[in-house]
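With my numbering, you'll find the sequence shown wraps up at 192, consecutive numbering, no jumps.
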Amino acid sequence: MEIHSEQAGVLILRVWVEEGRPDGFRARIVLTGGRHQAPPTAVSAVDDVLDAVRAWLDQLLEPTPDG
C-alpha cells in the first residue's frame, strides 16, 4: 500500500489515573491527520478513548479522491 503524505497522521494519547477517585481515569488526545489538526480532547472513559482512536483511523484511511 502506497502512503500519500495527506494520508499520514499522528495520534498522541496521554493516560493517567487520579488516585483516590473512583472515576480517576483520564486521557488527553491530540490528533492530526493530513493538514488538519484538531484541538486536544480530554476524556474520562475508556470507551471515549477507543471511539476517538477508531474515528481518527477511519478518517485517515478513507480513500482519497485520486485513488
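Cβ atoms here follow ideal geometry from the backbone N, Cα and C, with glycine treated the same way. Please read these numbers as outputs of a predicted model, since none were measured by experiment.
### Counterpart residues of residue 139 in DSSP-defined beta bridges
153
#### Entry: Residue range of the alpha helix (DSSP H) that includes residue 180
171 to 185
### Query
Skipping 5 residues on each side, what residues in its chain have a beta carbon closer than 7 Å to that of residue 139?
152 and 153
### Message
In the DSSP assignment, the beta strand (DSSP E) including residue 196 goes from what residue to what residue?
### Response
The displayed coordinates of the chain run from 126 to 192. Any statement about residue 196 would go beyond what the structure contains.
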